[in-house]
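Notes to accompany the following structure.
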Amino acid sequence: MAGARQDEAAKLHRGFSWLAALGVILVLAGLVGLVYTGVATLTSMLLFGWLLLIGGAVGLLHAVQARGTNFFWLGVIVAALNIAAGVVVIRRPDAAAAALTMFAALLFLTAGLFRLVGSLVVRGPQFGWTLLLGAFDLLLGILVLANWPSSSKYVIGCFFSLALLFDGLGLIATGFGGRRIVGLVSERLAGEDDARDGPGRAHAKPVPPD
């Protein structure tokens, strides 16, 4: 029983170690992307295009398998749109990055205006924090639009690299935290096993010599 617990704890420990190692790789990739934002933008757009293309192909395969149902043509149309969008993004990643940058800037502007107006109208307990976030979103949207389309060369790459960086930090924290918890649980189980086996050894009768 104790050996099985130790093996399971060792597997969990190795799993959390691999999780932390993956987090380190993501953090390094995020830092490199923040230094080379142009390359990160191009890489993220190509990755996005291939994901659309593969997703469209898989969706088309599912639609073909579901032919004869009411959702056949809808699945075919959605899959065809994904494939077409993936081809366009792969062939023109710069134009796709410019369009996504414009869309992101409009989202920041809209979110900033809603937060500013909402914080001024409601004036709830988080008034100052909501007002600050709204002003930040509005300023970010204005800055991106003011430098568009040149801003499209680094905005998407910067966001992509920051996402990798924070995801990597989260994985590192989860990996090290999980390893620590597994270590504490293993020590406690080992102590319980020693305490359980100790009285048995103490009250055991000596075996007479032959």
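If you're matching positions, the sequence shown starts at 4 in this note's numbering and goes up one per residue.
C-beta: ideal position from N, C-alpha, C; glycine also.
Do leucine 172 and glycine 26 come within 8 angstroms of each other at the CB atom, strictly closer than that value?
-> The sequence position of residue 26 within the sequence shown is 23, counting from 1. The sequence position of residue 172 within the sequence shown is 169, counting from 1. Yes, Cβ-Cβ distance for glycine 26 and leucine 172 is below 8 angstroms.
How is the alpha helix (DSSP H) around serine 2 delimited, first residue to last?
-> Shown here, the chain extends from 4 to 213; a query on residue 2 therefore has no answer.
For the segment 76-86 and the segment 94-109, state whether three or more C-beta atom pairs, one from each stretch, are separated by less than 8 angstroms.
-> The segment 76-86 and the segment 94-109 do not touch, with fewer than 3 CB-CB distances between them shorter than 8 angstroms.
Report buried or exposed for proline 152, applying the criterion of at least 16 other Cβ atoms within 10 angstroms of its Cβ.
-> On the sequence shown, position 149 is the one that residue 152 refers to. That one is exposed.
Close-in-space but distant-in-sequence residues of the same chain around leucine 45 (CB under 7 angstroms, 5 per side omitted) | Translated into positions along the sequence shown, residue 45 becomes position 42. Cβ neighbours of leucine 45 within its own chain (closer than 7 angstroms, five residues either side excluded): Pro96.
Hey, could you find the ends of the alpha helix (DSSP H) glycine 71 is sitting in?
-> Counted from its first residue, the sequence shown places residue 71 at position 68. Per DSSP, glycine 71 lies in no alpha helix (DSSP H) segment and is marked neither H nor E.
Arginine 17 by DSSP, collapsed to three states: which one?
-> The residue labelled residue 17 in the question sits at position 14 within the sequence shown. When DSSP states are grouped into helix, strand and coil, arginine 17 belongs to the helix group.
Counted within 10 angstroms of its Cβ, other Cβ atoms place leucine 64 as buried (16 or more) or exposed | Indexing the sequence shown from 1 puts residue 64 at position 61. By the neighbour-count rule (16 or more Cβ atoms within 10 Å), leucine 64 is not buried but exposed.
Proline 128 - DSSP class collapsed to helix/strand/coil = Locating residue 128 in the sequence shown gives position 125, where the first residue counts as 1. Annotated three-state conformation of proline 128 is coil, per DSSP.
Counting only the same chain and skipping the five closest in sequence on each side, list residues whose C-beta sits under 8 angstroms from that of proline 209.
-> Position 206 of the sequence shown, counting from 1, holds the residue named residue 209. Low confidence applies here, because proline 209 scores a pLDDT of 46, under 50, leaving its location unreliable; read the following figure in that light. So no residue of the chain qualifies.
Kindly give me the distance between the Cβ atoms of alanine 88 and leucine 110, rounded to whole angstroms, as I take these residues to be in contact under 8 angstroms.
-> Counting from 1 along the sequence shown, the entry for residue 88 is found at position 85. Counting from 1 along the sequence shown, the entry for residue 110 is found at position 107. Between leucine 110 and alanine 88 the Cβ distance is about 19 angstroms, and since that is not below 8 angstroms, they are no contact.
Where alanine 114 and valine 125 are concerned, what is the direct C-alpha to C-alpha distance, given to the nearest angstrom?
-> Residue mapping note: residue 114 aligns to position 111 of the sequence shown, counting from 1. Residue mapping note: residue 125 aligns to position 122 of the sequence shown, counting from 1. One C-alpha to the other measures close to 16 angstroms.
Within its chain, find whatever has a CB closer than 8 angstroms to the CB of isoleucine 93; leave out the 5 residues flanking it on each side and keep chain order.
-> Taking the sequence shown and counting its residues from 1, the one referred to as residue 93 is at position 90. The answer, listed in chain order, is Leu49, Gly52, Trp53 and Leu56.
Nearest-angstrom Cβ-Cβ length linking serine 20 and glycine 180, presumed shorter than 8 angstroms = Numbered from 1 along the sequence shown, position 17 holds the residue referred to as residue 20. Numbered from 1 along the sequence shown, position 177 holds the residue referred to as residue 180. 12 angstroms between Cβ atoms; not a contact.
Applying the criterion that 16 or more other CB atoms from any shown protein chain within 10 Å of the CB defines a buried residue, is alanine 207 buried or exposed?
-> What you label residue 207 is simply residue 204 of the sequence shown in a count that begins at 1. Only weak support is given to the placement of alanine 207: the predicted model assigns it a pLDDT of 45, under 50, and the question is left unresolved by the model.
Within the same chain, show all residues whose beta-carbon is closer than 7 angstroms to that of serine 47, passing over the 5 residues directly before and after it, in chain order.
-> If you number the sequence shown from 1, residue 47 lands on position 44. Listed in chain order, the non-local C-beta contacts of serine 47 below 7 angstroms within the same chain comprise Ile159, Gly160 and Phe163, local neighbours out to five positions each way being set aside.
Same chain, Cβ closer than 6 angstroms to arginine 118, five either side skipped, listed in chain order = Reading the sequence shown from its first residue, position 115 is the one you call residue 118. The answer, listed in chain order, is Thr133, Leu136 and Gly137.
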